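Data first, discussion second: the structure below is written as structure tokens.
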Amino acid sequence: MERVLIIRTSSLGDIVHGLPVAAALKKAYPWIHLAWMVEDRYRDLLAASPCVDERIVVHFRHWPRTLLDPRKRRTLLRLARLSTRRSFDVAIDLQGLIRSGLLSWGSLAPVRIGFPSADVREWPNALFSNLRPKGIPARSHVIDRNLALLHPLGVRTRERVFPLEIPLEWEQEVLPFFGPLISGCRRSLRVVIHPAAGWQTKEWSSRRYAEVGDRILGSWVAQVFLLWGPGEKQLAESVRACMRRDARLVPDLDIRGLMALLKNCDLYVGGDSGPLHLASALGTPVVAVYGPSDPVRNGPPGIRARVVRGSSACAPCWKRHCKDVRCMRSVTVEDLWAQVEGAVQEIRFEGKGPFAGPAGG
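Numbering (our numbering), first residue to last: 84 to 444.
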């Protein structure tokens, strides 16, 4: 085995969850050439991974939704030919969709590994793989599910290694935004709050996030930064409008800037989203609010993670739309604040503090 292709084109959190597969492959077979097929908007995430030797960039965003569209068929054919010219020995489909299955099949790799039919997101995907792990526990974390795809290659591990090395120049572009690290003679605590979460059902109350932000600024010498992505700026602005103290809106960031920001903050607070998983993978302490999604399966991947769950009996339901969203409404400010305090205490113990407070007024 000399050349391996990983197919996981999107999204941000899912690509992060696939990184341990790349790390495990390189550890077991350090001589292999490892390529990764990824959407153009996430290419820089993989550029920061020393385990990925080649990125095959695809343009799936704003695609027509049906394979009957000739544009989609032509694009898939072009990508398949692109993969074929690289002569892969193994293709590993981490996505479980029809299109990822077609890309795996089109690569002409003699070994095409995918999920069992019971575990794919779109059932025809299983038709395109010829090797599968024997079984995957239903509520295992998505990282462990991904690593199970390496069993047919003789690699068995549950080690969560996230091979990411952020270049210094990426960090230098973002660090001035933080402002002075030292306030007087005291170290400033940097906290990123991300109120958006991809699905509306995974979003917590703007007013509650605002109260948590005010408590942080009132309890320690701190800076609070409100993070937003495409289509999320209004939500971040609503949190700032609800706050009594001053928080800063993060500028529009690309993947490079986002990675640098998350690496250099002290604490991340938010719901189940791609930036949450990226922050956790980078080793940043996170406090996460979970409702309709299951933290057992999709929890933040790092060891410095704290999760607050709603008390609703119907959760996790995985619904993107819900009139009630009682699972998120049941999480109180006190619930989240207790975890924030615990996380800050751990940061202090590491010698980064003391963030003595209050910061004033």
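All C-beta atoms in this analysis are idealised placements derived from N, C-alpha and C, irrespective of residue type, glycine included.
Since this is a predicted model, take the numbers as computed values, not measurements.
Status (buried if at least 16 other CB within 10 Å, exposed otherwise) for residue i
i: PRO147; result: Low confidence applies to PRO147: its pLDDT is 48, below 50, so where it sits in the model is not reliable, and the reading given next is rough at best. It is exposed - the Cβ of PRO147 has fewer than 16 other Cβ atoms within 10 Å.
i: MET120; result: buried
i: LYS217; result: exposed
i: HIS360; result: buried
i: PHE432; result: exposed
i: GLY353; result: buried
i: LEU230; result: buried
i: LYS109; result: buried
i: ASP349; result: buried
i: LYS406; result: exposed
i: GLY314; result: exposed
i: LEU258; result: exposed
i: MET411; result: buried
i: CYS134; result: buried
i: GLU286; result: buried
i: GLY385; result: buried
i: PRO103; result: buried
i: GLU252; result: exposed
Helix, strand or coil at residue i according to DSSP, with G and I counted as helix
i: HIS100; result: helix
i: ARG409; result: helix
i: MET84; result: coil
i: ILE89; result: strand
i: GLN317; result: helix
i: MET326; result: coil
i: GLY425; result: helix
i: ASP202; result: helix
i: ALA174; result: strand
Given residue i as reference, the closest of the options once Cα atoms are compared
i: PRO246; options: ASP329, GLY189, GLY101, ASP407; result: GLY101
i: ARG290; options: GLN283, ARG327, PRO259, SER302; result: ARG327
i: ILE181; options: THR92, ALA305, ALA324, ARG389; result: THR92
i: SER190; options: PRO383, ILE338, VAL87, MET411; result: VAL87
i: LEU232; options: LEU177, VAL304, GLU122; result: LEU177
Cα-Cα separation between residue i and residue j, rounded to whole angstroms
i: SER395; j: VAL372; result: 13 Å
i: LEU272; j: PRO250; result: 23 Å
i: ILE196; j: PRO383; result: 26 Å
i: GLY237; j: VAL423; result: 41 Å
i: ILE226; j: VAL322; result: 32 Å
Beta carbon proximity, residue i to chain C, threshold 8 Å
i: GLU315; result: Absent from the structure: chain C. Only one protein chain is present.
Mind listing, in chain order, the continuous beta strand (DSSP E) runs of no fewer than 3 residues lying wholly within the segment 208 to 295? 272 to 277, all fully within the segment 208 to 295.
Quick one: complete beta strand (DSSP E) runs, 3+ long, within the segment 363 to 421? DSSP runs (the beta strand (DSSP E)) wholly in the segment 363 to 421: 369 to 373, 388 to 392.
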